[in-house]
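Below is one structure, written out as structure tokens, with a few remarks after it.
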Amino acid sequence: MSMSILGLTDEDRIRMQEIAREGELRRQQMKDLEKAIKAKIESEIDDFRSTLLKNYKLLDLEDEIIQIKRQLANNASGKAQAAAEDRIMQLYHMTMGTNMMWGHFINSFA
């Protein structure tokens, strides 16, 4: 059993070396754990971000569908309105034609 200048025995030095190795091993384990946690958080953030993007794209698609439906409704109502106007004009022309025929008929007796 030899003694060093500091009064440490060989067993003390060996024990201190073991403690230092254990400390270094724990530091490395903590670094690895920190990297794993960061990777997991980044993965979760990426998944969340992609989910949000999908949802926003779906919302954009829903908005487009609503706009298209409105356009179709407006077009349909426009077509219906145009058809009604055409029908009114046909009725008007028929009425005018009838009035003209009656006018000619009445004038033929004059």
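Once you know that position 29 of the sequence shown is 105 in my numbering, the rest is easy, because the numbers rise by one and skip nothing. Where is the CB? At the ideal position from N, CA and C, for every residue including glycine.
The beta carbon of phenylalanine 124 lies closer than 8 Å to none in the same chain, with the five residues before and after it left out.
Sequence-distant partners of leucine 84 (beyond 5 residues in either direction) whose C-beta falls short of 8 Å from its own C-beta, in its chain, are Met92. Taking C-alpha positions only, alanine 149 is separated from asparagine 131 by approximately 26 Å. Excluding the 5 residues flanking it on each side, glutamine 157 has no same chain C-beta neighbour closer than 8 Å.
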